[in-house]
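K.L.:
Number of protein chains: 2
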Amino acid sequence: MAQTQTRLDGLFSSAAKRVAPGAPGGRGLSPDRVNFAGGAPDPKSMPTKAMGAAAVRAMEKNGQWALQYGAAAGYDGLVEQLLIKLKRDNGVDVRPENVLITAGASQAIDLVCDALVDPGDTIISEEPAFLGALRLFNAHQAKIVGIPMDDRGMKMDVLAQTLADCKARGVQPKFIYTIPTFQNPTGVTTTLDRRLRILELAKEYNVAVLEDDAYFDLRFSGERLPMLITLDDAGLVIYTGTFSKIIGAGLRLGWVIGPVPLIHKVSKLKPDGGTSPFASHIVAEYAPSQLEEHVKELVNVYRNRRDAMLGALKAEMPEEITWTEPEGGFFVWLTLPEGMDSVAIQPEAAAHGVDFMPGTVFYPNQEGRRNIRLAYSFTDEETIRRGVKILAGILREYLPAT
Amino acid sequence: MAQTQTRLDGLFSSAAKRVAPGAPGGRGLSPDRVNFAGGAPDPKSMPTKAMGAAAVRAMEKNGQWALQYGAAAGYDGLVEQLLIKLKRDNGVDVRPENVLITAGASQAIDLVCDALVDPGDTIISEEPAFLGALRLFNAHQAKIVGIPMDDRGMKMDVLAQTLADCKARGVQPKFIYTIPTFQNPTGVTTTLDRRLRILELAKEYNVAVLEDDAYFDLRFSGERLPMLITLDDAGLVIYTGTFSKIIGAGLRLGWVIGPVPLIHKVSKLKPDGGTSPFASHIVAEYAPSQLEEHVKELVNVYRNRRDAMLGALKAEMPEEITWTEPEGGFFVWLTLPEGMDSVAIQPEAAAHGVDFMPGTVFYPNQEGRRNIRLAYSFTDEETIRRGVKILAGILREYLPAT
Chain A
134 MAQTQTRLDG LFSSAAKRVA PGAPGGRGLS PDRVNFAGGA PDPKSMPTKA
184 MGAAAVRAME KNGQWALQYG AAAGYDGLVE QLLIKLKRDN GVDVRPENVL
234 ITAGASQAID LVCDALVDPG DTIISEEPAF LGALRLFNAH QAKIVGIPMD
284 DRGMKMDVLA QTLADCKARG VQPKFIYTIP TFQNPTGVTT TLDRRLRILE
334 LAKEYNVAVL EDDAYFDLRF SGERLPMLIT LDDAGLVIYT GTFSKIIGAG
384 LRLGWVIGPV PLIHKVSKLK PDGGTSPFAS HIVAEYAPSQ LEEHVKELVN
434 VYRNRRDAML GALKAEMPEE ITWTEPEGGF FVWLTLPEGM DSVAIQPEAA
484 AHGVDFMPGT VFYPNQEGRR NIRLAYSFTD EETIRRGVKI LAGILREYLP
534 AT
Chain B
134 MAQTQTRLDG LFSSAAKRVA PGAPGGRGLS PDRVNFAGGA PDPKSMPTKA
184 MGAAAVRAME KNGQWALQYG AAAGYDGLVE QLLIKLKRDN GVDVRPENVL
234 ITAGASQAID LVCDALVDPG DTIISEEPAF LGALRLFNAH QAKIVGIPMD
284 DRGMKMDVLA QTLADCKARG VQPKFIYTIP TFQNPTGVTT TLDRRLRILE
334 LAKEYNVAVL EDDAYFDLRF SGERLPMLIT LDDAGLVIYT GTFSKIIGAG
384 LRLGWVIGPV PLIHKVSKLK PDGGTSPFAS HIVAEYAPSQ LEEHVKELVN
434 VYRNRRDAML GALKAEMPEE ITWTEPEGGF FVWLTLPEGM DSVAIQPEAA
484 AHGVDFMPGT VFYPNQEGRR NIRLAYSFTD EETIRRGVKI LAGILREYLP
534 AT
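Next comes the structure, spelled out in structure tokens:
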């Protein structure tokens, strides 16, 4: 039975009908290419040995529960370890009932949408924004209103005006989506005064804030800024995070933190009978003795890569091209001069073995043709330098005549 | 920051507003009670040691990819092992592109709904039906039309009449939902002639069939019957299964198998960046040398428990009460005489330390008051006998006067 012929075609839902044809989704991560495209963590830094040992300990101690169905909110032993980490490193002090463990930050964002968004509802998002979040907002048939960013975060005058406009039109936006620290795709960190202003506006217009914080721990330089959720006094901030960048994305373990009524809703809307108790027990075994140290190692790994990336850009790129200088995270955001088109350049770069994401995929409306996201997380310094050199040569060819 | 106060209340989606108040979802599995309630596997049979060892091997061999983002369709090494198992044990012969790995069978059902069901669409379901499926159908705002069952499966005359009625009213049902083998909650296995009839009707009315097959491997007696997907020649059957009952529910690993166009749709609708590569790599390491043998052990464990349950029912229950005699799976379904109400009896049984599910939770419309589901999967034989004795005593008190 080949199961390629089907009579299902007339039965698809409207969401399924909107799915574009083409290859199934997935991230092809070839180690042979210069991969600046995905936001994938460094494979060589994965704590494989320690996780194997943690698995043995978890199976010995508590294996029959690690292999059993779990509570909808997640394994309480993992929640406990997460709260210790968040208090120690992030300044977030919440209670277990404020936490729900999810299959990565993606499911966290998906569940927040389930809880807050009906088709046609408005979401305000920084622009450019995390591709995965935009995809989920679209899947919920939300209307996405973008707020442009500069190198200090969203432009506050535009955010204020947008909220005022919504109110004037009788539209209640459901939440403001932001990655305030080492943003994906730009690498920009929102300044403290803008963080405070976002919260002020959220309170004024009674809009939730979805703070997506996948990169917080990976700061290479500069001072830590308080997370929005630690500044919030109105219970309007919902915070999502993930173990993807600090232990391993393959665990699919993330979290959503928010007011108890929200956590209650998402625990009931979650379809899957508890996020992997198996992986959760193993991480809860790994974290107490090893997570803090491992994050320090990762900060060094990624700092070296950022430095290699910024150094190579400075050495190789034509002066017409500018870029952000992230203090942490995985990404640098290039801006090309007027008249250049990253979408057109991408295939040629790929033909020369260098993969990147054109800016357009981070915009709801195909803007961003003059931008390129470069991830320095996946490749080593030598490859970064080689890749930037190749890319610079290609971009140079496309420079508009002056 | 307590995060119990919130101003989010006005922002919830219509789905979130429908969430009932009360404690967060989850399965409290206390080993101190006689637990006939959940369909949880036997904790003592979990292959904890072997899974710990498999984790070490998986981390050594391929840890940097087990901890990395994975393809949306799932880890291909696990798909390969699954196809070997399905061909060997289930008579299912499909190709990798017919498979998508999910976070348990629950996510598989959820994704099939995403791909086929718009709000207001009709799903035809056997009745009583798996609680988790009904919950997901409701979450998709489907109209559920129930088909009553007898001890050979759904009543075919009612199914045929229902499909004809839908057609007459211009309603296109999206799929027929069934657990044909060791059904949850009744333990009933659909006969071969009814399996063929379901497919005949599906073709006649061009309706998909969702075959949920969580218990196939756990047959204690009788002959294996062909799965619907192996009898289907129209590409209308979608098959979901899970490692929950044969390795461990805590892995949250299941699958959906179907025609390529459907798998393409669900891979694009899946929000979570690849189902746990970590757990997938470990299971792919465990399965080749140990799964087949482990399933044989489980069949013995659960056969003994079924025998203990049926023996105790026969010894203890008043003659007015009847029950199904499952050839496999986890469940026995009791029918009480007219005038008795399992919902009213449940709290008293719980007060005496015996937990069960009243029939009502398996019906879309609160029918099933004269039914009780007893799961014999979680407790040992001694406890089963003790629990049935207690329960029989309580039921006897509630018998209507004759």
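In the order they appear, the protein sequences are chains A and B.
With this note's numbering, letter number 119 in the first sequence gets 252, and the count goes up by one each step, no holes.
With this note's numbering, letter number 306 in the second sequence gets 439, and the count goes up by one each step, no holes.
Note that beta-carbon positions come from the ideal geometry of N, C-alpha and C, so glycine has one too.
If we cut at 9 Å on Cβ distances, does A/N223 have a partner in chain B?
P.N.:
No - not a single Cβ of chain B is within 9 Å of the one on A/N223.
K.L.:
Only counting the same chain, and skipping five residues up and downstream in sequence, which positions put a Cβ closer than 7 Å to that of B/K398?
P.N.:
Same-chain partners within the cutoff: A248.
K.L.:
Please confirm whether B/L386 and A/A382 have their CB atoms less than 9 Å apart.
P.N.:
No, Cβ-Cβ distance for B/L386 and A/A382 is not below 9 Å.
K.L.:
Would you report the Cα separation of B/G444 and B/C246, rounded to the nearest angstrom?
P.N.:
Near 40 Å, if we compare the C-alpha coordinates of B/C246 and B/G444.
K.L.:
Considering Cα atoms alone, identify which of A/D251, A/L351, A/K378, A/V389 is closest to A/N231.
P.N.:
Of A/D251, A/L351, A/K378, A/V389, the residue nearest in Cα terms is A/V389.
K.L.:
Run through DSSP, which three-state label would B/T255 get?
P.N.:
In the structure shown, B/T255 sits in a strand (DSSP, three-state: E or B).
K.L.:
Can you pull the chain B neighbours of A/L249, defined as C-beta to C-beta under 8 Å?
P.N.:
Going along chain B in sequence order, the residues near A/L249 (Cβ under 8 Å) are L141, L144, F145, S146, A149.
K.L.:
Taking 9 Å as the threshold (C-beta atoms), are A/A335 and A/K378 in contact?
P.N.:
No, they are not a contact pair.
K.L.:
Would you tell me roughly how many angstroms separate the C-alpha atoms of B/A525 and B/G171, rounded to the nearest one?
P.N.:
Their Cα atoms are separated by approximately 19 Å.
K.L.:
Roughly how many angstroms separate the alpha carbons of A/G207 and A/A236, rounded to a whole number?
P.N.:
Computed Cα separation, rounded: 10 Å.
K.L.:
Can you list the residues of chain A that B/Q197 reaches, using a CB-CB cut of under 8 Å?
P.N.:
By Cβ distance, chain A contributes P176, K177, M179, T181.
K.L.:
Apart from the five residues on each side of it in sequence, which residues of its chain come closer than 7 Å, Cβ to Cβ, to A/A188?
P.N.:
Only I415 meet the Cβ criterion.
K.L.:
Check whether the segment 252-259 of chain A touches the segment 307-321 of chain A, counting contact only when three or more Cβ pairs, one atom from each stretch, lie closer than 8 Å.
P.N.:
With the cut-off at 8 Å, the segment 252-259 of chain A and the segment 307-321 of chain A touch.
K.L.:
What is the residue span of the alpha helix (DSSP H) that A/A87 lies within?
P.N.:
There is no way to answer for residue 87 of chain A, as the model of chain A reaches only from 134 to 535.
K.L.:
To the nearest angstrom, how far is it from the Cα of A/D93 to the Cα of A/L219?
P.N.:
The question about residue 93 of chain A has no answer, for chain A in this structure spans 134 to 535.
K.L.:
So with Cβ pairs under 9 Å, would you call A/Q305 a contact of chain B?
P.N.:
At least one chain B Cβ lies under 9 Å of A/Q305.
K.L.:
In chain order, what residues of the same chain have a beta carbon less than 8 Å from the beta carbon of A/V225, not counting five sequence neighbours either side?
P.N.:
Result list for A/V225: L219, M360, I362, T363, Y372, I390, in chain order.
K.L.:
Show which residues of chain A have a CB atom less than 8 Å away from the CB atom of B/V342.
P.N.:
What B/V342 touches in chain A: nothing, since even the nearest Cβ is about 10 Å away.
K.L.:
Check each residue of the segment 394-424 of chain B: if its Cβ is closer than 9 Å to any Cβ of chain A, include it; give the result in chain order.
P.N.:
Going along the segment 394-424 of chain B in chain order, one finds P394, L395, I396, H397, K398, V399, S400, K401, L402, K403, P404, D405, G406, G407, T408, S409, P410, F411, A412, S413, H414, I415 with a Cβ nearer than 9 Å to chain A.
K.L.:
By DSSP's criteria, B/E260 is part of a beta bridge. Which residues make up the other side?
P.N.:
Per DSSP, B/P281.
K.L.:
In the DSSP assignment, find the unbroken alpha helix (DSSP H) run with B/Y531 in it and report its ends.
P.N.:
Taken as a continuous stretch (DSSP letters only), the alpha helix (DSSP H) holding B/Y531 covers 514-531.
K.L.:
If you follow the beta strand (DSSP E) that A/I234 is in, where does it begin and where does it stop?
P.N.:
Taken as a continuous stretch (DSSP letters only), the beta strand (DSSP E) holding A/I234 covers 232-235.
K.L.:
Taking the alpha helix (DSSP H) that A/T363 belongs to, which residues open and close that run?
P.N.:
First-last of the alpha helix (DSSP H) with A/T363: 361-364.
K.L.:
Taking DSSP's pairing of strands, which residues face A/D345 in a bridge?
P.N.:
Answer is A/T373.
K.L.:
Does any CB atom of chain B fall closer than 9 Å to the CB of A/M490?
P.N.:
Answer no: the Cβ-Cβ gap between A/M490 and chain B never drops below 9 Å.
K.L.:
Evaluate A/K90 with the Cβ neighbour count: other Cβ atoms within 10 Å of its Cβ, from every protein chain shown; 16 or more gives buried, anything less gives exposed.
P.N.:
This structure does not reach residue 90 of chain A, given that chain A is present from 134 up to 535, and the question cannot be answered.
K.L.:
By DSSP, does A/G501 sit in helix, in strand, or in coil?
P.N.:
Looking at A/G501 - three-state DSSP - the assignment turns out to be coil, as it is neither helix nor strand.
K.L.:
Rounded to a whole number of angstroms, what is the C-alpha to C-alpha distance between B/E515 and A/T139?
P.N.:
Roughly 49 Å between the two C-alpha positions.
K.L.:
Which chain B residues are close to A/E193, counting only those with a beta carbon under 9 Å from its beta carbon?
P.N.:
The answer, in chain order, is T181, K182, G185.
K.L.:
Taking the beta strand (DSSP E) that B/I396 belongs to, which residues open and close that run?
P.N.:
It is not in any beta strand (DSSP E) - B/I396 instead sits in the alpha helix (DSSP H) that spans 393-402.
K.L.:
Please name the residue in A/R529, A/L431, A/F463, A/A420 whose C-alpha comes closest to that of A/M450.
P.N.:
With distances taken between Cα atoms, A/M450 lies closest to A/R529.
K.L.:
By DSSP, does B/V487 sit in helix, in strand, or in coil?
P.N.:
Of the three classes helix, strand and coil, the one that applies to B/V487 here is strand, per DSSP.
K.L.:
Within 9 Å of any Cβ in chain B, is that where the Cβ of A/A534 sits?
P.N.:
With 9 Å as the cut-off, A/A534 does not count as an interface residue toward chain B.
K.L.:
Residues in the segment 317-336 of chain A with C-beta within 7 Å of chain B's C-beta atoms, listed in sequence order?
P.N.:
Cβ contacts with chain B: none found.
K.L.:
Taking all protein chains shown into account, decide if B/K182 is buried (16 or more other Cβ within 10 angstroms of its Cβ) or exposed.
P.N.:
Burial call: exposed.
K.L.:
Could you list the residues in the segment 201-214 of chain B with a C-beta less than 7 Å from some C-beta on chain A, going in chain order?
P.N.:
Answer in chain order: Q201, Y202, G203, A204, A205, A206.
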